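Report on the following structure.
In my numbering, the protein residues as written are 730 to 1190.
This is the structure in structure tokens:
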């Protein structure tokens, strides 16, 4: 007689996967599951759930993910990351803005860049948000943790944030990758079949830009170095003129389906750009600072292209530095966001964008509170040896060590550089790190693509 499966364990596995409609791999399920199950037992439970049609298995080997059957989850393309527009409540003023910008463009009044819209804002005197709105945002956006170095919170959720923010920001630009496609691209370097190369490039550029913000949390700010480099990362290999990456605009541009005509004189663009950065840097409240940048940077259109992407990632700089919940634009409908930006461009009205921002931030705060809870506290052992592990992996790759040489090297390093009681655990973790190294994660060890490619060839021998 077949042994009966413990239903409480099966239900717990289903519950973990239910919270992730895009699907989860074995490693993620094992990490999130609050059960002390041996890996072989977990694999057996998953196989049973698949055989019983309680789960769906997709992909093979390391690309395998498990998800709930259709009908028990939101559809991957329509539901994951997108909600109906009316889910975002609008004020009467916002509804009025939306009605205006949804008229045919020929019925809307042509307008140019209004310098007074920028000049009228006085940091810490003017305010887009009311005091009550700022208080509410801070309450929901502050994790339950004490004082920590800049970027600590973002680093704790970086695996999820890289996928969420890369996908949502790209989706708002019309990118057709699904959330699962994005995860596979970022985690494994696997491009989705039938998709254009530029879509993969856009997502990978987001990944690089997010890692730049989080990895340089102590140094970044609203200055030329940060914003120009942010543009260079996001625009990499996407512009007709490669020299335009990380450079202020010298050409005239237009906004599709808009009656707005941006500035054309390079000198004035540069003046306004410097003013936007100076004002943003002077703002003390992180939410006001974030929204100011999300409003004024794309309104100026300082770059040939990729302006809104720069503004969305730059809007996260205050949150990363202050260890607040990041803004991942989870579930934001693209049409509502576009309408909000048109309201800024053509009317210099921020109410609709404010409604979108507040709703999106509340959504992100709820999501990452759940993610942070599921992740638990960071492993203190890995934190203790974080830099040592990164340096060790880097040396193995740069030395183009094959498997046996790498394992000997790890053992020798641990023998001479770790406490006796830590030695075996350090070796185990270091071996797992090098065995898990792939195209989607080598950047975190400060390894160059050419170094990784050369090492991979040696490793495969």
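Where a beta carbon is used, it is the ideal one built from N, C-alpha and C, also for glycine.
It should be emphasised that the depicted structure is a prediction, and the values quoted were computed from it without experimental measurement.
In the DSSP output, which residue or residues are listed as bridge partners for residue i?
i	result
residue 990	841
residue 1066	Paired residue(s): none; residue 1066 is not in a bridge.
Does the Cβ-Cβ distance between residue i and residue j come in under 7 angstroms?
i	j	result
residue 1081	residue 868	no
residue 779	residue 752	no
residue 1006	residue 938	no
residue 904	residue 931	yes
residue 870	residue 1044	no
residue 1020	residue 1086	yes
residue 1027	residue 1047	no
residue 1059	residue 1096	yes
residue 1166	residue 1142	no
residue 850	residue 1079	no
residue 968	residue 999	no
residue 890	residue 1055	yes
residue 1030	residue 991	yes
residue 745	residue 764	no
residue 908	residue 896	yes
residue 989	residue 854	no
residue 1004	residue 1012	no
residue 982	residue 1024	no
residue 1131	residue 1187	yes
residue 960	residue 1061	no
Please classify residue i as buried or exposed, where buried requires at least 16 other C-beta atoms within 10 Å of its C-beta.
i	result
residue 804	Any reading at residue 804 is ruled out, since the residue's pLDDT is 37, under 50, leaving its predicted position unreliable.
residue 964	buried
residue 1090	buried
residue 749	buried
residue 1182	exposed
residue 974	buried
residue 770	exposed
residue 1179	exposed
residue 893	buried
residue 816	exposed
residue 985	exposed
residue 1053	buried
residue 884	buried
Can you find the residues in the same chain that come closer than 7 angstroms, C-beta to C-beta, to residue i, ignoring five residues on each side of it along the sequence?
i	result
residue 1071	830 and 987
residue 899	906, 931, 932 and 935
residue 1002	977, 1029 and 1031
Looking at the structure shown, is residue i part of a helix, part of a strand, or coil, going by DSSP?
i	result
residue 697	A query on residue 697 cannot be resolved here, the shown segment of the chain reaching from 730 to 1190 and no further.
residue 785	strand
residue 794	strand
residue 761	helix
residue 753	strand
residue 846	helix
residue 1157	helix
residue 976	coil
residue 1015	helix
residue 898	helix
residue 815	helix
residue 1051	coil
residue 968	coil
residue 947	coil
residue 1130	coil
Which residues in the same chain as residue i place their Cβ atom closer than 8 angstroms to its Cβ, once the five residues preceding and following it in sequence are excluded?
i	result
residue 1115	none
residue 1068	826, 827, 830, 831 and 1081
residue 962	934, 937, 938 and 941
residue 775	742, 755, 758, 784, 786 and 795
residue 1144	1152
residue 924	905, 906 and 910
Excluding the 5 residues flanking residue i on each side, which residues of the same chain have their C-beta closer than 6 angstroms to its C-beta?
i	result
residue 880	943, 946 and 1049
residue 731	Residue placement at residue 731 cannot be trusted, given a pLDDT of 40 that sits under 50; what the coordinates show is reported in the next sentence. Once the five neighbours on either side are set aside, residue 731 has no close Cβ partner at all.
residue 1147	1155
residue 846	1077
Could you check if residue i belongs to the surroundings of the ligand ATP, using beta carbon to heavy atom distance under 6 angstroms?
i	result
residue 1078	For the structure depicted, the ligand ATP is absent and the ligand set is empty, with no information on it obtainable.
Are the C-beta atoms of residue i and some chain B residue less than 7 angstroms apart?
i	result
residue 1146	Of the protein chains in the structure, only one exists, and it is not chain B.
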